[in-house]
Every structure is written in structure tokens, then in C-alpha cells.
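**Student:** Residue numbers (my numbering): 1 to 104. We treat Cβ as the ideally placed atom computed from N, Cα and C, and that holds for glycine. Fair warning: this is a prediction, and the values are worked out from it, not measured in the lab.
Written out as C-alpha cells, the structure is:
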């Protein structure tokens, strides 16, 4: 019963996302609650990833920001279901574009 309810919720979320993706190519969200951990004991809090995994949307995290102590901070890009290649192209474009902008 819980599984069937979850499938219903996923359908509702995906219907909403379909409307969003009619107006944009990707959604940009935080990838984690803060900077990357200083050690390799953990990858950090993945709380921002669960919805996209649940919905089955493609998502990629790229290190676009840096904390004051030099640790990377990931930004997550989320694409429309089935548009994995477009999401990868967009992530590559964004990373390239921002690398040419300096500290702007």
C-alpha cells in the first residue's frame, strides 16, 4: 500500500515537473547543505538529491562555488526525464561559461 501511494505521489511530482520543463531546460538547486567535507569519511548530506531520484529525473552535480576555506560547493542541475544528453550539454556549457567569468 505504501509503495502504491508513493507511485501516486511520483506521478503528481512528475506532472508538475513536466509543466516546469515547458518553461526551462534545467532546474538549478543546491547539491548539499554546505561545502564538501574536508575528509573522505562522508560525502556530506544528500538531502537535496532524494526528490530527483524518486522522480527518476537526470541530475548532475558540478563544483561551481567555493567556500571561504577553499572547499568546493556543488550545484545540482536537474533535467527533464529522457533529456540526459541535454542536461550534460547544459552542465558543460555552464561550467565553461562560468570559468571565463572570473570572480564576477
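Just the C-alpha distance for residue 79 and residue 37, rounded to the nearest angstrom, thanks.
**Tutor:** 26 Å
**Student:** Mind checking who residue 72 pairs with in its DSSP beta bridge?
**Tutor:** 66
**Student:** Have a look at residue 100 and residue 63 and give me their C-alpha separation to the nearest angstrom.
**Tutor:** 15 Å
**Student:** Decide if residue 47 is buried, meaning its Cβ has at least 16 other Cβ atoms within 10 Å, or exposed.
**Tutor:** exposed
**Student:** When burial is assigned at 16 or more other CB atoms within 10 Å of the CB, is residue 76 buried or exposed?
**Tutor:** buried
**Student:** Can you find the residues in the same chain that come closer than 6 Å, C-beta to C-beta, to residue 13, ignoring five residues on each side of it along the sequence?
**Tutor:** Cβ within range, chain order: 55.
**Student:** Over what stretch of residues does the alpha helix (DSSP H) that includes residue 29 continue unbroken?
**Tutor:** Here residue 29 belongs to no alpha helix (DSSP H); instead the beta strand (DSSP E) covers 26-30.
**Student:** Using only the alpha-carbon positions, how far apart do residue 31 and residue 1 sit?
**Tutor:** Looking at the backbone, the Cα of residue 31 and that of residue 1 are separated by about 31 Å.
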